[in-house]
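Chemist: Structure incoming, see below.
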Amino acid sequence: MTLFDFIQRLLGRQKPSGTRAKERLQLVLAHDRSDLNPELLDQMRREILEVVQRYVEIDLEEGDVSLETEDRVTALVANLPIKRARPLPALVNAAAAAAPPRKSPADASAPSSDSESSPGQGEEASPSG
Amino acid sequence: MTSAPARIILICSGKGGVGKTTLTANLGIALARLGERTVVLDADFGLRNLDLLLGLENRIVYTAQEVLAETCRLEQALVKHKQEPNLSLLPAGNPRMLEWLTPEDMQRIVGMVAERADYVLIDCPAGIEEGFKNAAAASREAIVITTPEVSAVRDADRVIGLLNTRGVSPVQLVLNRVRPRMMASQEMLSVEDVTDILALPLVGLVVEDEQVIVSTNRGEPLTLVDNGSPAARAYQNIARRLRGEDVPLEDPSKARKGLRARLMNRIRRTTGLF
Ligand SMILES: Nc1ncnc2c1ncn2[C@@H]1O[C@H](COP(=O)(O)OP(=O)(O)OP(=O)(O)O)[C@@H](O)[C@H]1O
Ligand SMILES: [Mg+2]
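Top to bottom, those sequences are chains X and U. Be aware that the first sequence starts at 0, since it is given in numbering that gives the first Met the number 0, and climbs by one per residue. Be aware that the second sequence starts at 0, since it is given in numbering that gives the first Met the number 0, and climbs by one per residue.
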């Protein structure tokens, strides 16, 4: 560690390089293990957001679709805070016949949240190799 | 023979130069000294150097090639270590060979060797191509060795994935060239960082140690002469753990104060690093 690095660290401006190494490795390994390059992941992220947005209004600023990896299991994790459900034509028709409250399709993949009462975070994980 | 089947262990890393051959030589001698009949197989015939590390470079006459072609018997090709007769070396081939052995060749030769051994250690070539695949095909279990550096850990991860799909198990980890001081100041991936990321059980920690180079120069593995250097002890402990002995692992960057100070002094003395 050079004196400059040391001062930077004292001032909290720079993380120790070992910490950076771990962060960078975790990211690159998630991609290596899934065989998804960043470009493909980005495309998938856009398409997922597109589909989800058909059903619910999501907070694009906060939203995040990424690969995470733990114990050699890589998961695709979508963390998409829902602002509110979008009434869909199909659902509105169905709801006219059935009794409220109705559930938006997004709920199916968000086990612990109710999109109408509390804008929760849908989190879905699919293990892959 | 009525004894238990031989342990056939691949020593591999993905990245080159992280310490596979050094580990194979030292572990081979350590196991032999514990009474295990051990054969070390140099699977890298293009760039052989297990013979050099063991000081056996002038004694190689035949290789696995000739055994497979039946131009010599296995006993003729096995080079017995003079001081440690429980250890023999078998080179897979010679550098003049143009083609790799096939995976079937490797399986056959390892099968033959395993009949007369308790441990067969296969020193794997770097990379994940032919040489690695052949060696992996003949192995039951593996030790992946890496250093606490991003590129080495990334390559180790690739290799672990390939070993998993090939059903090689168990796969254990050796972390080599650990620098306790850099780890303590978090300027190096920590032991937990590496084991977390690779999710493998740790079977050994080897510090950066000048004695490794000295012993390589002489062609006398550190475990052959009890000089008590930190790396020598680390290799001996790996051998004992492999045999099922419960030898506690100590993270040199976290050792208790007195102990740590002593260790640091020793490393300082032996490596002159800081
Ligand atoms: N713990 C250690 N401390 C100091 N030097 C070491 C240590 N381990 C290995 N080395 C040195 O690192 C170099 C590479 O080691 P080695 O030849 O064992 O690696 P390898 O993985 O077999 O390489 P290759 O991929 O080329 O076969 C050697 O010069 C060796 O002396
Ligand atoms: Mg080597």
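Each residue gets a CB set at the ideal place from its N, CA and C atoms; glycine is no exception. If you're wondering where the values come from, they're calculated on a predicted model, not measured in any experiment.
For ligand 2, which residues have a Cβ under 5 Å from at least one heavy atom, in chain order?
Modeler: Qualifying residues, in the order they occur: U:Lys-19, U:Thr-20.
Chemist: So what does DSSP say about Val-72 (chain X), is it helix, strand or coil?
Modeler: Reduced to three states, the DSSP call for Val-72 (chain X) is strand.
Chemist: Pick helix, strand or coil for Leu-162 (chain U), following the three-state DSSP scheme.
Modeler: Three-state result, Leu-162 (chain U): helix.
Chemist: Any beta carbon from chain U within less than 8 Å of Ser-65 (chain X)'s own beta carbon?
Modeler: With 8 Å as the cut-off, Ser-65 (chain X) does not count as an interface residue toward chain U.
Chemist: Would you call the CB atoms of Ala-42 (chain U) and Gly-130 (chain U) closer than 8 Å?
Modeler: In this structure, Gly-130 (chain U) lies closer than 8 Å to Ala-42 (chain U) by Cβ.
Chemist: Which of the three DSSP states, helix, strand or coil, is assigned to Val-17 (chain U)?
Modeler: Reduced to three states, the DSSP call for Val-17 (chain U) is coil.
Chemist: Note down, in chain order, every chain X residue with its Cβ under 9 Å from the Cβ of Ala-325 (chain U).
Modeler: Within the shown structure, residues of chain U are numbered from 0 to 273, placing residue 325 (chain U) beyond reach of any answer.
Chemist: Take the Cβ of Pro-84 (chain U) as the centre, count every other Cβ of all protein chains shown within 10 Å, and call the residue buried at 16 or more, exposed below.
Modeler: By the neighbour-count rule (16 or more Cβ atoms within 10 Å), Pro-84 (chain U) is not buried but exposed.
Chemist: Given 7 Å as the limit, tell me if Ser-12 (chain U) has its C-beta closer than that to any heavy atom belonging to ligand 1.
Modeler: Yes, the beta carbon of Ser-12 (chain U) sits closer than 7 Å to at least one heavy atom of ligand 1.
Chemist: First and last residue of the beta strand (DSSP E) that includes Asp-122 (chain U)?
Modeler: Looking at the DSSP string, the run of the beta strand (DSSP E) that includes Asp-122 (chain U) is 118-122.
Chemist: With a threshold of 8 Å between beta carbons, is Leu-188 (chain U) in contact with chain X?
Modeler: Cβ-Cβ to chain X under 8 Å: yes for Leu-188 (chain U).
Chemist: Between Asp-156 (chain U) and chain X, is any beta-carbon pair separated by less than 8 Å?
Modeler: Yes, because at least one Cβ of chain X sits closer than 8 Å to the Cβ of Asp-156 (chain U).
Chemist: Less than 7 Å between C-beta atoms, sequence neighbours within five positions excluded: which residues of the same chain meet that for Asn-236 (chain U)?
Modeler: Once the five neighbours on either side are set aside, the close Cβ partners of Asn-236 (chain U) are Gly-203, Val-246.
Chemist: Excluding the 5 residues preceding and the 5 following Gly-92 (chain U) in the sequence, name in chain order all residues of the same chain whose CB lies nearer than 6 Å to its CB.
Modeler: So the qualifying residues of the chain are Phe-44, Thr-62, Gln-64.
Chemist: Spatial neighbours of Leu-73 (chain U) within its chain, please: C-beta separation below 6 Å, excluding the five flanking residues on both sides.
Modeler: So the qualifying residues of the chain are Val-66, Met-111.
Chemist: So, is Arg-32 (chain X) buried or exposed, given that buried needs 16 or more other C-beta atoms within 10 angstroms?
Modeler: That one is buried.
Chemist: How about Ala-319 (chain U) and Leu-53 (chain U): do their beta carbons lie closer than 8 Å?
Modeler: There is simply no residue 319 (chain U) to check, as chain U begins at 0 and stops at 273 in what is shown.
Chemist: Using a beta-carbon distance below 8 Å, is Asp-31 (chain X) in contact with chain U?
Modeler: At least one chain U Cβ lies under 8 Å of Asp-31 (chain X).
Chemist: Just the C-alpha distance for Ser-168 (chain U) and Arg-239 (chain U), rounded to the nearest angstrom, thanks.
Modeler: Near 19 Å, if we compare the C-alpha coordinates of Arg-239 (chain U) and Ser-168 (chain U).
Chemist: Starting from the Cα of Leu-59 (chain X), find the closest Cα among X:Arg-71, X:Arg-19, X:Lys-14, X:Arg-83 and give me that residue.
Modeler: Checking every option, the nearest Cα to that of Leu-59 (chain X) belongs to X:Arg-83.
Chemist: Closest Cβ-Cβ distance between Gln-171 (chain U) and chain X: below 8 Å?
Modeler: Output row for Gln-171 (chain U): interface = no.
Chemist: First and last residue of the alpha helix (DSSP H) that includes Pro-102 (chain U)?
Modeler: Start and end: 102-113.
Chemist: Output the boundary residues of the beta strand (DSSP E) element that contains Gln-82 (chain U).
Modeler: First-last for Gln-82 (chain U): undefined, no H or E at that position.
Chemist: Consider the C-beta atom of Ile-212 (chain U) and the heavy atoms of ligand 1; say whether any pair is separated by less than 7 Å.
Modeler: Indeed, a heavy atom of ligand 1 lies less than 7 Å from the Cβ.
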